[in-house]
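K.L.:
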Amino acid sequence: MEFTDIDRFLDDFKHIVNTDSASGNTAGILKVAHFFQKRFSRMGMVCDILLPGNGKVPCLKAALGNPPYDMMLLGHMDTVFPEGEAANRPFSLQDNQARGPGVCDMKGGLLVALHALETLKKTGDLEKMSVCILFNGDEETGSTQSRPLIMETAKTCRRVLVFEPCRPDYHLVNQRKGGGWFHIDVTGKEAHAGADPHKGVNAVVELAHLVSLIQDLNDENLGTSAQVTVISGGDKINIIPAHARASVDVRILDPKEKQRVEDFFFQLSRKRLFAQSVIQVVGRIDRSPMTATPKSLAIQDLIMAQARNMGFVMGAITTGGCSDGNLTASVGIPTIDGLGLVGANSHRKDEYVELDSIPKMVTLISRVCRQLAGN
Ligand SMILES: [Zn+2]
Numbered sequence: 111m112e113f114t115d116i117d118r119f120l121d122d123f124k125h126i127v128n129t130d131s132a133s134g135n136t137a138g139i140l141k142v143a144h145f146f147q148k149r150f151s152r153m154g155m156v157c158d159i160l161l162p163g164n165g166k167v168p169c170l171k172a173a174l175g176n177p178p179y180d181m182m183l184l185g186h187m188d189t190v191f192p193e194g195e196a197a198n199r200p201f202s203l204q205d206n207q208a209r210g211p212g213v214c215d216m217k218g219g220l221l222v223a224l225h226a227l228e229t230l231k232k233t234g235d236l237e238k239m240s241v242c243i244l245f246n247g248d249e250e251t252g253s254t255q256s257r258p259l260i261m262e263t264a265k266t267c268r269r270v271l272v273f274e275p276c277r278p279d280y281h282l283v284n285q286r287k288g289g290g291w292f293h294i295d296v297t298g299k300e301a302h303a304g305a306d307p308h309k310g311v312n313a314v315v316e317l318a319h320l321v322s323l324i325q326d327l328n329d330e331n332l333g334t335s336a337q338v339t340v341i342s343g344g345d346k347i348n349i350i351p352a353h354a355r356a357s358v359d360v361r362i363l364d365p366k367e368k369q370r371v372e373d374f375f376f377q378l379s380r381k382r383l384f385a386q387s388v389i390q391v392v393g394r395i396d397r398s399p400m401t402a403t404p405k406s407l408a409i410q411d412l413i414m415a416q417a418r419n420m421g422f423v424m425g426a427i428t429t430g431g432c433s434d435g436n437l438t439a440s441v442g443i444p445t446i447d448g449l450g451l452v453g454a455n456s457h458r459k460d461e462y463v464e465l466d467s468i469p470k471m472v473t474l475i476s477r478v479c480r481q482l483a484g485n
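The following block contains the structure:
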């Protein structure tokens, strides 16, 4: 089983990359959804365009067979690029690269899933499989509307393959950190910095003290990071500041760290430097990590073995970035991510994918799906 129809892939690629579909662009995302709906329907799949949550985020669900499905193929149709981007910077090819808004993250990956299934249709293998596709439209804004749909759909599938970009030199993603954020507000008391320093409570000094405690949360061995990324406080040089504020980006790899980190932040006011300062903390860890499990590693092994059969080596990475794979892993479904086209520079104008990864990844995924079917 070998995918060879690169021209057809590139025609599809040009069409969907040149369709603007920023998160929030309901009409644009709907156009992309209709493109895939047509193609999946043609293969005999049952397709629905769903509008979960606020009704403004089109999601495409396509299914073949009955649950529990052998696999879920998961991706997102939205990009970070605004309306007009495709006209300014249309799909283009040069040497071994395709460029354009969302080529890598992740319109190329959506097409890997489509063409892999079309390849299986041609060989007559598709009918022997049960598969569920879910393409959502708000991943780049945290999947706030599609999150329950993704998690509920994942529970009807035995495993999840996510088509975020494959990393350079064919590295899939087998772990993703989870994470969240915290905001810390300190209220002290204003006073003349020169005349009455004893009458003030310096919110900036208090916050500096807390920031140094937060820094101690970082634990490379556990895969936990807590980084104070934004800070403000004070107004005039001769006034002791009454307000200071900081924001913290938190990432965790070990699910147990959620408790430790959240406890730390919610008990932070107990560790204050000045008895009179008031400390308010809001935030939480809202994305669980996608951790490797024996079941997810078994899928990884199968993918890597198929790649070796095809004559190339696949590696695996852990990343600090989150995807919808975090959601499917959080409900206990084995998940492997990074199965789209090989590329880099997501969310940037110099985003690209490697053209020679098209036949490799489509062939690989079709073989992997065939092997996973029925197991
Ligand atoms: Zn993405």
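Oh and the sequence shown: position 266 is 376 in our numbering, straight run, nothing missing. We treat Cβ as the ideally placed atom computed from N, Cα and C, and that holds for glycine. This structure is a prediction, so every number in the text was calculated from the model and none was measured.
1) Would the beta-carbon of L236 fall within 8 Å of that of L174?
2) Near ligand 1, which residues have their beta-carbon closer than 7 Å to a heavy atom?
3) Could you tell me if P404 is buried or exposed, where buried requires 16 or more neighbouring beta carbons within 10 angstroms of its beta carbon?
4) DSSP three-state label for Q481, please.
5) Output the boundary residues of the beta strand (DSSP E) element that contains M181.
6) Just to confirm before moving on: does the CB-CB distance between V452 and Y280 stay below 8 Å?
7) Per DSSP, what kind of secondary structure is N284 in: helix, strand or coil?
8) Applying the 10 Å Cβ sphere with the 16-neighbour rule, what's the burial state of F292?
9) Could you give the first and the last residue of the continuous beta strand (DSSP E) run that contains L230?
10) Roughly how many whole angstroms lie between the Cα atoms of A417 and G290?
11) Suppose the cutoff is 8 Å on Cβ atoms and the five residues either side in sequence are ignored; what does the same chain contact list for P211 look like?
12) Tell me whether Q377 sits in a helix, a strand or coil according to DSSP, three-state version.
13) Are the CB atoms of T438 and L184 within a distance shorter than 8 Å?
14) Assuming D248 and V167 make a contact with CB atoms under 8 Å, what is their CB distance in whole Å?
15) Applying the 10 Å Cβ sphere with the 16-neighbour rule, what's the burial state of I347?
16) Can you have a look at D447 and say buried or exposed, based on whether 16 or more other CB atoms are within 10 angstroms of its CB?
17) Secondary structure at A196, three-state DSSP: helix, strand or coil?
18) Among R152, G219, A303 and L317, which one has its Cα closest to the Cα of R277?
19) So, V270 versus I324, is the Cβ gap smaller than 8 Å?
20) Distance check for A137 and R244, CA to CA, integer angstroms please.
21) Using 8 Å as the cut-off, can you tell me whether the region 361-369 makes contact with the region 300-308, which would need three or more C-beta pairs spanning the two stretches below that distance?
22) If the criterion is Cβ atoms closer than 8 Å, does the pair L282 and M424 meet it?
23) For E464, report the span of its beta strand (DSSP E) as first-last.
24) Once you ignore the five residues that flank F376 on each side, which residues in its own chain have a CB closer than 7 Å to its CB?
P.N.:
Let me lay it out:
1) Along the sequence shown, one-based indexing puts residue 236 at 126. Along the sequence shown, one-based indexing puts residue 174 at 64. Taking 8 Å as the Cβ cut-off, L236 and L174 qualify as a contacting pair.
2) Ordered along the chain, the selected set is H186, D215, M216, E249, E250, E274, S433 and S456.
3) Mapped onto the sequence shown, residue 404 falls at position 294. An exposed status is given to P404, since fewer than 16 other beta-carbon atoms sit within 10 Å of its beta-carbon.
4) For the purposes of this step, residue 481 is taken as the residue at position 371 of the sequence shown. When secondary structure is reduced to three states using DSSP, Q481 falls in the helix class.
5) For the purposes of this step, residue 181 is taken as the residue at position 71 of the sequence shown. For M181, the enclosing beta strand (DSSP E) has its first and last residue at M181 to H186.
6) As a working note, residue 452 is residue 342 in the sequence shown. As a working note, residue 280 is residue 170 in the sequence shown. Yes. Within cutoff.
7) Translated into the one-based positions of the sequence shown, residue 284 becomes position 174. N284 falls in the strand class under three-state DSSP.
8) The sequence position of residue 292 within the sequence shown is 182, counting from 1. So F292 counts as buried.
9) Position 120 of the sequence shown, counting from 1, holds the residue named residue 230. No beta strand (DSSP E) contains L230, which is instead part of the alpha helix (DSSP H) from G218 to K232.
10) Mapped onto the sequence shown, residue 417 falls at position 307. Mapped onto the sequence shown, residue 290 falls at position 180. Distance between the alpha carbons of A417 and G290: 35 Å.
11) Taking the sequence shown and counting its residues from 1, the one referred to as residue 211 is at position 101. V127, D130, T189, F191, E195, A196, R199 and E461.
12) On the sequence shown, position 267 is the one that residue 377 refers to. Reduced to three states, the DSSP call for Q377 is coil.
13) Stepping through the sequence shown from its first residue, residue 184 is reached at position 74. Stepping through the sequence shown from its first residue, residue 438 is reached at position 328. A contact, by the Cβ cut-off of 8 Å.
14) The residue labelled residue 248 in the question sits at position 138 within the sequence shown. The residue labelled residue 167 in the question sits at position 57 within the sequence shown. About 5 Å separates the two Cβ atoms, so the contact holds.
15) Here the question's residue 347 lines up with position 237 in the sequence shown. I347 sits exposed, since fewer than 16 C-beta atoms from the chains shown fall within 10 Å of its C-beta.
16) Sequence index remark: in the sequence shown, residue 447 carries index 337 (1-based). By the neighbour-count definition (other C-beta atoms within 10 Å, threshold 16), D447 is a buried residue.
17) For the purposes of this step, residue 196 is taken as residue 86 along the sequence shown, with counting starting at 1. Three-state DSSP puts A196 in a helix.
18) In the sequence shown, the residue the question calls residue 277 occupies position 167. Selected option, being the one with the closest Cα: G219.
19) As a first step, residue 270 must be located in the sequence shown, where it is residue number 160. As a first step, residue 324 must be located in the sequence shown, where it is residue number 214. No, the pair does not count as a contact, with Cβ atoms beyond the cut-off.
20) Walking along the sequence shown from the start, residue 244 turns up at place 134. Walking along the sequence shown from the start, residue 137 turns up at place 27. Before going on, a small fix: residue 244 reads as Leu here, not Arg. Cα to Cα, L244 sits roughly 18 Å from A137.
21) Result no; under three Cβ-Cβ pairs closer than 8 Å.
22) Sequence index remark: in the sequence shown, residue 282 carries index 172 (1-based). Sequence index remark: in the sequence shown, residue 424 carries index 314 (1-based). For L282 and M424, yes; Cβs fall inside 8 Å.
23) Mapped onto the sequence shown, residue 464 falls at position 354. Annotation: the continuous beta strand (DSSP E) that includes E464 extends over Y462 to E464.
24) The residue labelled residue 376 in the question sits at position 266 within the sequence shown. Excluding sequence positions up to five before and after F376, its CB lies within less than 7 Å of the CB of V391, all in the same chain and listed in chain order.
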